[in-house]
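**Student:** If you read the sequence shown in this note's numbering, its first letter stands for residue 24, the second for the next number, and so on.
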Amino acid sequence: MQETRDTKPLRQSFVLFRASLRLCCHQPHWIAYPSLGLVAAVALAWVLPQAYTESPTIAAASLGPPALGVLSQLYPGAMNHLGVLALVASIFVTLAVLFFEAALAHAVLKRLDGQRMGMRTAMAVARRCVPSLIGFSSFSVAVGHLFFLLADRHAGVAAVALHVAWQVWTLATFLIVPVIVAEDEPSGTSLRRSALLFANNWKPVLFADALVHLVAAAMIFLLWLGLRQASAPLLDLPVAATALLAVACVAALSLLRTVHTCVVYRWITAGTAPAPRDHVTGPDT
């Protein structure tokens with residue numbers, strides 16, 4: 024069974040989003056990929072000098088406003104006085120997240136092809152993509168750094184223009200991870216390819232990104248309530264439980280976003296988005 028094209032982009036976006044949700048429900052173990060990515064990113068943020076208060080927010084910038092909104096509550100001073108060392112640390116933190124996201128994207132794309140992909144094989148594919156991931160991480164962090172510095176110095180119409188430019192950037196890179204994994208091209212070529220796919224299919228990509236943001240809105244609101252003050256734990260839970268809930272929500276959001284980008288990418292490039300199945304044939308490595 025396949026989810027085929029619909030003549031109405033908004034309706035088609037809901038069809039694809041429903042397929043992404045079903046795929047996440049059928050493969051709950053995929054949550055391990057974004058969870059490992061978050062653990063690696065937090066570990067690097069603690070180890071690397073000056074990264075503790077600065078890198079996580081910039082790393083989140085490469086993942087889009089949902090993650091940025093959550094992590095900026097954890098590190099409220101992250102947008103000020105970003106030094107070169109923090110910028111370099113941000114690249115490593117972003118790379119850690121993107122590495123596991125690339126592994127997950129490979130597993131999702133194989134699943135859409137009716138095959139099963141074990142974590143070891145998915146990690147091996149992600150390792151082959153490391154040069155492209157490094158290039159995109161560096162460029163993404165530099166762009167995020169530039170946007171934040173400009174936004175801190177401008178207001179009014181200029182601030183609105185910067186916000187619009189930032190949204191265009193996030194949309195142009197919405198499909199970058201599945202492009203890197205599926206097409207095995209250098210980071211520059213993959214970035215141009217992602218931007219071209221967005222330019223030619225801007226309505227479904229825009230709606231797909233908006234749906235992910237809508238799902239993230241509830242999570243961000245609840246997390247904001249709990250993280251705005253350390254003395255006010257979320258829903259009266261202990262601080263440790265609140266932090267664990269925050270990590271789980273961010274991991275779930277990252278999982279949904281990656282799966283949805285892969286489903287949208289497959290729909291754009293192949294014309295169909297295979298619906299998930301409980302049993303498939305193929306290697307289970």
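Virtual Cβ for every residue (Gly too), placed ideally from N, Cα, C.
Please read all numbers here as calculations on a predicted model, not as lab measurements.
For Leu-97, which of helix, strand or coil comes out of DSSP?
**Tutor:** Taking the first residue of the sequence shown as position 1, residue 97 is located at position 74. In this predicted model, Leu-97 has a pLDDT of only 44, less than 50, meaning its place in the structure is not dependable; the value taken from the coordinates is given anyway. In this structure, Leu-97 counts as helix in the three-state DSSP scheme.
**Student:** From which residue to which residue does the alpha helix (DSSP H) around Gln-35 run?
**Tutor:** Taking the sequence shown and counting its residues from 1, one reaches residue 35 at position 12. Counting along the chain, the alpha helix (DSSP H) containing Gln-35 begins and ends at 32-49.
**Student:** What residue range does the alpha helix (DSSP H) around Arg-143 cover?
**Tutor:** Here the question's residue 143 lines up with position 120 in the sequence shown. Here the alpha helix (DSSP H) through Arg-143 covers 142-151.
**Student:** For Arg-289, name the three-state secondary structure that DSSP assigns.
**Tutor:** For the purposes of this step, residue 289 is taken as the residue at position 266 of the sequence shown. Correct three-state label for Arg-289: helix.
**Student:** With a threshold of 16 other CB atoms inside 10 Å of the CB of His-129, please say whether the residue is buried or exposed.
**Tutor:** Here residue 129 refers to the residue found at position 106 of the sequence shown. That one is buried.
**Student:** Could you tell me whether the stretch 199-214 touches the stretch 151-162, where touching means 3 or more Cβ pairs closer than 8 Å?
**Tutor:** Yes, the stretch 199-214 touches the stretch 151-162.
**Student:** Straight-line CA distance for Asn-223 to Met-146?
**Tutor:** For the purposes of this step, residue 223 is identified with residue 200 of the sequence shown, where counting begins at 1. For the purposes of this step, residue 146 is identified with residue 123 of the sequence shown, where counting begins at 1. Taking the straight line joining both Cα atoms gives about 31 Å.
**Student:** Can you grab the Cα-Cα spacing for the pair Leu-198 / Ala-241, in whole Å?
**Tutor:** The residue given as residue 198 occupies position 175 in the sequence shown. The residue given as residue 241 occupies position 218 in the sequence shown. If I take the Cα positions, the gap works out to 24 Å.
**Student:** Compute the Euclidean distance between the alpha carbons of Arg-151 and Ala-125, then round it to the nearest angstrom.
**Tutor:** For the purposes of this step, residue 151 is taken as the residue at position 128 of the sequence shown. For the purposes of this step, residue 125 is taken as the residue at position 102 of the sequence shown. Those two C-alpha atoms are separated by around 10 Å.
**Student:** I need the DSSP call for Phe-170, collapsed to helix, strand or coil.
**Tutor:** Against the sequence shown, residue 170 aligns to sequence position 147. Helix at Phe-170.
**Student:** Which whole-angstrom value is the C-beta distance of Val-287 and Pro-209, which I expect to be below 8 Å?
**Tutor:** For the purposes of this step, residue 287 is identified with residue 264 of the sequence shown, where counting begins at 1. For the purposes of this step, residue 209 is identified with residue 186 of the sequence shown, where counting begins at 1. Actually they are not in contact, since the Cβ atoms of Val-287 and Pro-209 sit about 23 Å apart, beyond 8 Å.
**Student:** Cβ atoms of Val-282 and Val-62: under 8 Å apart, would you say?
**Tutor:** Looking up residue 62 in the sequence shown gives position 39. Looking up residue 282 in the sequence shown gives position 259. Their beta carbons are not under 8 Å apart, which means Val-62 does not touch Val-282 by this criterion.
**Student:** Nearest by alpha-carbon distance to Asp-232: which of Thr-193, Arg-215 and Asp-207 is it?
**Tutor:** Here residue 232 is taken as the residue at index 209 of the sequence shown, counted from 1. Checking every option, the nearest Cα to that of Asp-232 belongs to Thr-193.
**Student:** Using the C-alpha atoms, what's the distance from Leu-173 back to Pro-32?
**Tutor:** Locating residue 32 in the sequence shown gives position 9, counting from the first residue. Locating residue 173 in the sequence shown gives position 150, counting from the first residue. Looking at the two C-alpha atoms, the distance is approximately 34 Å.
**Student:** Return yes when the Cβ of Leu-276 is within less than 8 Å of the Cβ of Ala-218, no when it is not.
**Tutor:** Against the sequence shown, residue 218 aligns to sequence position 195. Against the sequence shown, residue 276 aligns to sequence position 253. Not a contact, by the Cβ cut-off of 8 Å.
**Student:** Classify Ser-254 as buried or exposed, calling it buried when 16 or more other Cβ atoms lie within 10 Å of its own Cβ.
**Tutor:** Your numbering for residue 254 matches position 231 in the sequence shown. With a pLDDT of 49 at Ser-254, under the threshold of 50, the modelled position of this residue cannot be trusted, and the question is left open.
**Student:** When we look at the beta-carbon of Pro-57 and count the other beta-carbons within 10 Å, is it buried (16 or more) or exposed?
**Tutor:** On the sequence shown, position 34 is the one that residue 57 refers to. When all chains shown are included, Pro-57 counts as buried.
**Student:** Leu-169 to Arg-41, Cα distance in whole Å?
**Tutor:** Looking up residue 169 in the sequence shown gives position 146. Looking up residue 41 in the sequence shown gives position 18. Approximately 36 Å, taken between the alpha carbons.
**Student:** Just to confirm, is the Cβ distance from Thr-279 to Ser-43 under 8 Å?
**Tutor:** For the purposes of this step, residue 279 is identified with residue 256 of the sequence shown, where counting begins at 1. For the purposes of this step, residue 43 is identified with residue 20 of the sequence shown, where counting begins at 1. Before going further, note that residue 279 is Leu rather than Thr in the sequence given. Against a cut-off of 8 Å, the Cβ pair of Ser-43 and Leu-279 comes out as a contact.
**Student:** Roughly how many angstroms lie between the CA atoms of Phe-159 and Ala-165, to the nearest whole one?
**Tutor:** Numbered from 1 along the sequence shown, position 136 holds the residue referred to as residue 159. Numbered from 1 along the sequence shown, position 142 holds the residue referred to as residue 165. If you take the alpha carbons of Phe-159 and Ala-165, they lie about 10 Å apart.
**Student:** Note the first and the last residue of the continuous alpha helix (DSSP H) segment covering Thr-196.
**Tutor:** As a first step, residue 196 is located in the sequence shown; it is residue number 173 there, counting from the start. No alpha helix (DSSP H) holds Thr-196; DSSP gives it neither H nor E.
**Student:** Leaving out five residues on either side along the sequence, give the residues of the same chain with a beta carbon under 8 Å from the beta carbon of Leu-309.
**Tutor:** Nothing about residue 309 can be reported from this structure: the residues present for the chain run from 24 to 308 only.
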